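K.L.:
Residue numbers (this note's numbering), protein chains in the order written: chain G, 1055 to 1400; chain U, 1055 to 1400.
Quick one: the structure is below, and I'll ask about it shortly.
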DNA sequence: TGTTAGCACTCTATTGCACTGAGTGCTAAA
DNA sequence: TTTAGCACTCAGTGCAATAGAGTGCTAACA
């Protein structure tokens, strides 16, 4: 692909990203000053179309980038864009706000991302680390109920309120807690099951009911927490994009957004990479999603990946901007999370 | 309002609910067999319009119920609808599924509700009960980090990981936990602040850092937990309704749904009532929402209201059906929650 | 006095049609 | 190789005619 073709392709992609209208040869000649006439550009465009980089919605319309065209643009033509002072400032200040829990930070991140890009943001939180039992605590809440709290070594805390016979008193529970803690310390599920159960039941047989429930909660902690949660932000925001004049388009889009599993898969799939990943149109398997692109990047906590941030928008999205925002944001998010999860909360 | 007028109004509301098209006099005469001619019905309709129960989109269109018309229908004309076997069965089976946590049940409820009604469901969880301190537990996770867990008497559990000096050992933390538990038992924030702080700091001065953080977490537990969370379901679902052919309508609707505070307010506002509440169109203050109605009802846990379930749909919604579903669902939800929060989780 | 048939009238929605303008591809000249 | 010129295509727009749904009113009827 010669130099001029690249320039023409770049012009088409940029213009289409900016206006959402098919781009004609005249427009390019005028706006992008390639020093040649529209006719020449038409010839180049005919070539580019043959090569599969651009398409024509109908005979009398201008050209539109194809998925392949976007891909070429993203890989070779696109200039890196730096964030403006204001954008950096906004991100920093939002993430610096004191936040009480992770959920809050996640939500704020999503909104921020959507606000900066005008597309829909997705934040996935992953918990993939296998965990071990760390601590159990039984707290008598009232004569008939006990709170069972289980702490895993990866910092997860599970709790549930259970019914207990009125005969229980605080010190019973304390003893029980102590024994369980001593016996189960640092074990994972496999180890717990075979060696210790009999021993435990023998020793604490009297409290069978509570023991059952406790073990069940521990089990949950060990097995079931590998769950991804996804947060979406700025759906309404994205509707200001010109492609969404049409009710059908909106419906398709909402249809995609309601398939949480699909989105989760989309985001967790990048898991290998460290940096920003870009998926364009039908590079994604799902058919519905052929007119959309996703820009995603993982975020870390103490060097370990704990989730992914992504932006979903039309294939026509402003990749340069989105990429820079996602990149900057994920880096700063890691810092912010560290502060919330560790420090004094501010 | 005489008997025949009621019949005409009923016919108009029913037909409009079913078809979403303005209803003409001929249609009523034919489909609803009132035994009079279209001309007579036209006279009645003119009266009903004058009385404010129906409206005409334009001169050559049929009539459409006004908010007042819907209100009259809901209050006086509507026949109670029983759920079908299948519907009841579906609700029962979905709620009977074993669920691991409340969030899961809430989500499932929302989806169920939306599926049954074809409108958007909203589930609000409220935590309005003032709580007292019940228990604090410090767990050493690794040489440098400690997990602080605070249990409130209403069953809320708060936790956070904090940094601790390496010199700490498990028994330090145990002592600390014990003292804090003994001193702070059953207090609310006001009491804690004045009497005990000095005493505590004197006694445990050596551990000032950890004490500060612990108290902060307790404080959060006491003050900040009055937070409502709302879950929305089946937004996409609702788009199958004929009013959403138009992109603008969809945007307005999504605009409403993105205002979480507004929705929360809408649902928490019914807090007084025990049963199903119906708000139609501009009976709701917010202007955007004038074409929508909300049917809501609270759900309970051990006799105390802990949240609200609602359905948001066009004013033209099938009230009879929605009301019966919401009613049945909230009643069963209470039972299901009880099982999850208490029992063995299934 | 209430009901009904008939009719003129209103207004929306649809259809067909001509026209405009953007944009192309091709050809021939520079 | 580039460019000017030209015929051609096709979506979009505006306009007029038409169809159809529904009304309100009047006068006749029971």
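Glycine residues also receive a C-beta, built at the ideal position from the N, C-alpha and C atoms.
It should be emphasised that the depicted structure is a prediction, and the values quoted were computed from it without experimental measurement.
Residue 1300 of chain U CB to nearest chain G CB: under 8 Å?
P.N.:
Counting from one through the second chain, the residue named residue 1300 of chain U turns up at place 246. Closer than 8 Å to some Cβ of chain G, the Cβ of residue 1300 of chain U qualifies, so yes.
K.L.:
Rounded to the nearest angstrom, what separates residue 1070 of chain G and residue 1370 of chain G at their Cα positions?
P.N.:
Position 16 of the first chain, counted from the first residue, corresponds to residue 1070 of chain G. Position 316 of the first chain, counted from the first residue, corresponds to residue 1370 of chain G. Taking the straight line from one Cα to the other gives about 7 Å.
K.L.:
Need the endpoints of the beta strand (DSSP E) that residue 1138 of chain U sits in, please.
P.N.:
By 1-based counting over the second chain, the position of residue 1138 of chain U is 84. Element bounds for residue 1138 of chain U: n/a, residue is neither H nor E.
K.L.:
Against chain G, with Cβ distances strictly below 8 Å, would residue 1228 of chain U count as a contact?
P.N.:
As a working mapping, residue 1228 of chain U is identified with position 174 in the second chain. Not one chain G Cβ lies under 8 Å of residue 1228 of chain U.
K.L.:
Which runs of the beta strand (DSSP E) at least 3 residues long sit entirely within the stretch 1180-1233 of chain G? Give them in chain order.
P.N.:
Taking only runs of at least 3 residues, the beta strand (DSSP E) segments lying wholly in the stretch 1180-1233 of chain G are 1187-1196, 1199-1206, 1211-1217.
K.L.:
Give the C-beta separation of residue 1148 of chain U and residue 1162 of chain U to the nearest angstrom, bearing in mind that I take them to be a contact with Cβ-Cβ under 8 Å.
P.N.:
As a working mapping, residue 1148 of chain U is identified with position 94 in the second chain. As a working mapping, residue 1162 of chain U is identified with position 108 in the second chain. Correct: roughly 6 Å between the Cβ atoms.
K.L.:
Between the C-alpha atoms of residue 1214 of chain G and residue 1284 of chain G, what's the straight-line distance to the nearest angstrom?
P.N.:
Position 160 of the first chain, counted from the first residue, corresponds to residue 1214 of chain G. Position 230 of the first chain, counted from the first residue, corresponds to residue 1284 of chain G. C-alpha separation (whole angstroms): 24 Å.
K.L.:
Ignore the nearest five residues each way along the sequence and tell me which others in residue 1085 of chain U's own chain have a CB closer than 8 Å to its CB.
P.N.:
Indexing the second chain from 1 puts residue 1085 of chain U at position 31. For residue 1085 of chain U, where only same-chain residues beyond five positions count, the Cβ hits under 8 Å are 1065, 1069.
K.L.:
Counting only C-beta atoms, is residue 1207 of chain G closer than 8 Å to chain U at any point?
P.N.:
Counting from one through the first chain, the residue named residue 1207 of chain G turns up at place 153. Taking Cβ atoms only, chain U reaches closer than 8 Å to residue 1207 of chain G, which makes this a yes.
K.L.:
Check the C-beta distance from residue 1268 of chain U over to residue 1227 of chain U and give it rounded, since I have them as a contact under 8 Å.
P.N.:
In the second chain, the residue the question calls residue 1268 of chain U occupies position 214. In the second chain, the residue the question calls residue 1227 of chain U occupies position 173. The Cβ separation is near 10 Å, so there is no contact.
K.L.:
Can the beta-carbon of residue 1173 of chain U be found closer than 8 Å to that of residue 1311 of chain U?
P.N.:
Position 119 of the second chain, counted from the first residue, corresponds to residue 1173 of chain U. Position 257 of the second chain, counted from the first residue, corresponds to residue 1311 of chain U. Contact flag unset, no.
K.L.:
Which term fits residue 1346 of chain U, buried or exposed, when burial requires 16 or more other beta carbons within 10 angstroms of its beta carbon?
P.N.:
The residue given as residue 1346 of chain U occupies position 292 in the second chain. Residue 1346 of chain U comes out buried.
K.L.:
Tell me which residues of the stretch 1303-1337 of chain G have at least one Cβ-Cβ distance to chain U shorter than 7 Å, keeping chain order.
P.N.:
Within the stretch 1303-1337 of chain G, the qualifying residues are 1304, 1305, 1308, 1309, 1312.
K.L.:
Output the distance between the C-alpha atoms of residue 1077 of chain G and residue 1350 of chain G, rounded to the nearest integer angstrom.
P.N.:
Within the first chain, numbered from 1, the residue matching residue 1077 of chain G stands at position 23. Within the first chain, numbered from 1, the residue matching residue 1350 of chain G stands at position 296. Cα-Cα distance, rounded: 28 Å.
K.L.:
Helix, strand or coil, according to DSSP, for residue 1255 of chain U in the structure here?
P.N.:
For the purposes of this step, residue 1255 of chain U is taken as the residue at position 201 of the second chain. In this structure, residue 1255 of chain U counts as helix in the three-state DSSP scheme.
K.L.:
Residue 1193 of chain U CB to nearest chain G CB: under 8 Å?
P.N.:
Against the second chain, residue 1193 of chain U aligns to sequence position 139. Yes, because at least one Cβ of chain G sits closer than 8 Å to the Cβ of residue 1193 of chain U.
K.L.:
Residues of chain U with CB closer than 8 Å to the CB of residue 1203 of chain G, please, in chain order.
P.N.:
Walking along the first chain from the start, residue 1203 of chain G turns up at place 149. Under the 8 Å cutoff, chain U gives 1191, 1203, 1205, 1211.
K.L.:
Could you have a look at residue 1333 of chain G and say whether DSSP puts it in helix, strand or coil?
P.N.:
Counted from its first residue, the first chain places residue 1333 of chain G at position 279. Correct three-state label for residue 1333 of chain G: strand.
K.L.:
Can the beta-carbon of residue 1061 of chain U be found closer than 8 Å to that of residue 1088 of chain U?
P.N.:
As a working mapping, residue 1061 of chain U is identified with position 7 in the second chain. As a working mapping, residue 1088 of chain U is identified with position 34 in the second chain. A contact, by the Cβ cut-off of 8 Å.
K.L.:
Any idea if residue 1130 of chain U is buried or exposed, counting beta-carbon neighbours within 10 angstroms, 16 or more meaning buried?
P.N.:
Taking the second chain and counting its residues from 1, the one referred to as residue 1130 of chain U is at position 76. Residue 1130 of chain U is exposed by the Cβ-count criterion.
K.L.:
Going along chain G in order, which residues have a C-beta closer than 8 Å to the C-beta of residue 1289 of chain U?
P.N.:
For the purposes of this step, residue 1289 of chain U is identified with residue 235 of the second chain, where counting begins at 1. Chain G residues near residue 1289 of chain U: 1308, 1312.
K.L.:
Might you give, ordered along the chain, the residues of its own chain that have their beta carbon closer than 8 Å to the beta carbon of residue 1334 of chain G, omitting 5 neighbours on each side?
P.N.:
Your numbering for residue 1334 of chain G matches position 280 in the first chain. Cβ within range, chain order: 1121, 1124, 1125, 1128, 1347, 1369.
K.L.:
Would you call residue 1287 of chain U buried or exposed, if buried means 16 or more other Cβ atoms sit within 10 Å of its Cβ?
P.N.:
Here residue 1287 of chain U corresponds to residue number 233 of the second chain, with the count starting at 1. Per the 10 Å Cβ criterion, buried.
K.L.:
Taking 7 Å as the limit between beta carbons, can you name the residues of its chain near residue 1118 of chain U, skipping five residues before and five after?
P.N.:
On the second chain, position 64 is the one that residue 1118 of chain U refers to. Counting only Cβ-Cβ distances below 7 Å, and skipping sequence neighbours, we find 1070, 1076, 1108, 1109, 1111.
K.L.:
Beta-carbon separation of residue 1271 of chain G and residue 1231 of chain G under 8 Å?
P.N.:
Residue 1271 of chain G sits at position 217 when you count from the first residue of the first chain. Residue 1231 of chain G sits at position 177 when you count from the first residue of the first chain. No, Cβ-Cβ distance for residue 1271 of chain G and residue 1231 of chain G is not below 8 Å.
K.L.:
In whole angstroms, give me the CA-to-CA distance for residue 1207 of chain U and residue 1361 of chain G.
P.N.:
Locating residue 1207 of chain U in the second chain gives position 153, where the first residue counts as 1. Locating residue 1361 of chain G in the first chain gives position 307, where the first residue counts as 1. Spanning the two alpha carbons is a distance of roughly 33 Å.
K.L.:
Is residue 1286 of chain G helix, strand or coil by DSSP?
P.N.:
For the purposes of this step, residue 1286 of chain G is taken as the residue at position 232 of the first chain. Strand, per DSSP.
K.L.:
When DSSP labels each residue in this structure, what does residue 1338 of chain G get in the three-state scheme?
P.N.:
What you label residue 1338 of chain G is simply residue 284 of the first chain in a count that begins at 1. The answer is coil: DSSP assigns residue 1338 of chain G none of H, G, I, E or B.
K.L.:
Which residues of chain U have a Cβ atom closer than 9 Å to the Cβ of residue 1178 of chain G, listed in chain order?
P.N.:
Indexing the first chain from 1 puts residue 1178 of chain G at position 124. Neighbours of residue 1178 of chain G on chain U: none; closest Cβ ~16 Å, over 9 Å.
K.L.:
If you run the structure through DSSP and keep just helix, strand and coil, what is residue 1092 of chain G?
P.N.:
Start at 1 with the first residue of the first chain, and residue 1092 of chain G comes out as number 38. Helix, per DSSP.
K.L.:
Of all the CB atoms in chain G, is at least one closer than 8 Å to the CB of residue 1383 of chain U?
P.N.:
Against the second chain, residue 1383 of chain U aligns to sequence position 329. No, residue 1383 of chain U does not count as interfacial toward chain G.
K.L.:
For residue 1059 of chain G, decide whether its Cβ has a neighbour in chain U, counting only Cβ atoms nearer than 8 Å.
P.N.:
In the first chain, the residue the question calls residue 1059 of chain G occupies position 5. Taking Cβ atoms only, chain U never reaches closer than 8 Å to residue 1059 of chain G, which makes this a no.
K.L.:
On the criterion of 16 or more Cβ atoms from any shown chain inside 10 Å, does residue 1116 of chain G qualify as buried, or is it exposed?
P.N.:
Sequence index remark: in the first chain, residue 1116 of chain G carries index 62 (1-based). So residue 1116 of chain G counts as buried.
K.L.:
Answer yes if the stretch 1304-1319 of chain U comes into contact with the stretch 1197-1204 of chain U, meaning at least three C-beta pairs across the two stretches below 8 Å, and no otherwise.
P.N.:
In short, these stretches do not touch, since the Cβ pair count stays below three.
K.L.:
Give me whichever residues DSSP pairs with residue 1108 of chain U in a beta bridge.
P.N.:
Residue mapping note: residue 1108 of chain U aligns to position 54 of the second chain, counting from 1. Paired residues: U:1119.
K.L.:
Can you tell me which residues form a DSSP beta bridge with residue 1347 of chain G?
P.N.:
The residue labelled residue 1347 of chain G in the question sits at position 293 within the first chain. Looking at the DSSP assignment, residue 1347 of chain G forms a beta bridge with G:1334, G:1367.
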